[in-house]
Amino acid sequence: MRRARLLVGAFAAVSLVGGCALPSTPDEAAPSTYVEPVTVTAEAEQMYGDEARKAYDEVSRLMLAQSVRREDVDPRRTTWSDADLFEGLVGHFAPEVQADWRRTVGRANAGDTESRHVVDLFRLHRVDAPELAMPDRRPVVGGQVLSGAEVDVADVPAGADVTPLEISFDHSARLDYVHGRSAAPGRLERTMTVTVIPVGAAETSAVATGTTPPDPGTSWLITEYEGTSDLSFDDDEETVAAS
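Per mature numbering (1 follows the signal peptide of the UniProt record, and there is no 0), the sequence shown runs over residues -29 to -1, 1 to 214.
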């Protein structure tokens, strides 16, 4: 199986890779989620108090619930609509990020590889390993971990009157595929940095028609993001770099 990695500036890197024995006990197959306690800097604590930690809680819930979905990581699936890659995500983005995300998704679905890997930062999809199959009687996402998280204040953009928060963290997940009668587990590794502002601070007066309102219960909106995403199954690697 070929492993390919695309490095795109500060945005995304994704690879493909596999195989070992199936889990021998229910405990080995049971999915689990672990969220390591976040570090909030003194500056962020002073600026936002407990809301700084709540900002991370929102981002962590978004990543765990939306970024690795069973329906999107089926290796034999080949097509997605734009709506498939908007659902559950755009209501967490500030209006200008929504507009950029819609353009990126459009390019990804038109075949642009760089854009596809950017989309993978928030929604892993197009697992290019058609020889693998989904497990029949257990979840494909065998576990997720969020670790190394820190919340700090970010630079205030020119002309803005609100201080953003910068949230950095690592996200890993195990994907329990099968190859014939053997297991072929994949490991997703992400390193992410997102910048967020309170919902009330997002510019809405001049938003284009079609902007999705914040999801219910959302208090923070993502204004910037960057990261890397790497899904691996074997040791053969082909690297392609793009500026």
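Glycine is no exception: its CB is placed at the ideal position from the N, C-alpha and C atoms. Note that the structure is predicted; figures quoted are calculated from it, not measured.
Setting aside the 5 residues that flank it on each side, A125 is surrounded in the same chain by P135, E137 and T166, each with a C-beta closer than 6 Å to its C-beta; the list follows chain order.
The region 93 to 112 makes contact with the region 34 to 44: 3 or more CB pairs, one atom from each, lie closer than 8 Å. Around the CB of T194, 16 or more other CB atoms lie within 10 Å, so the residue is classed as buried.
Note on geometry: alpha-carbon atoms of V30 and W51 lie some 24 Å from one another. The three-state reading of DSSP puts T182 in coil, since its state is none of H, G, I, E or B. Contact annotation: R94 and L56 have beta-carbon atoms nearer than 8 Å. The residue from Q115, E121 and I168 with its alpha-carbon nearest to that of A131 is I168.
Note on geometry: alpha-carbon atoms of H63 and G119 lie some 22 Å from one another. Scanning the region 69 to 121 from its first residue to its last, no whole beta strand (DSSP E) run of 3-plus residues comes out. Beta-bridge partners assigned by DSSP to Y196: V165. D71 and T164 have their C-alpha atoms some 17 Å from each other.
About 6 Å separates the beta carbon of L192 from that of P185, a gap short enough to meet the 8 Å contact definition. In this structure L117 is in contact with E7, their Cβ atoms being roughly 6 Å apart against a cut-off of 8 Å. Rounded to the nearest angstrom, the gap between the Cα atoms of T162 and L60 is 18 Å.
Here H142 is bridged, per DSSP, to L117 and R161.
Around the C-beta of A79, 16 or more other C-beta atoms lie within 10 Å, and the residue is accordingly described as buried.
The C-beta distance from G157 to T4 rounds to 17 Å, too long to fall under 8 Å, and the pair is not in contact.
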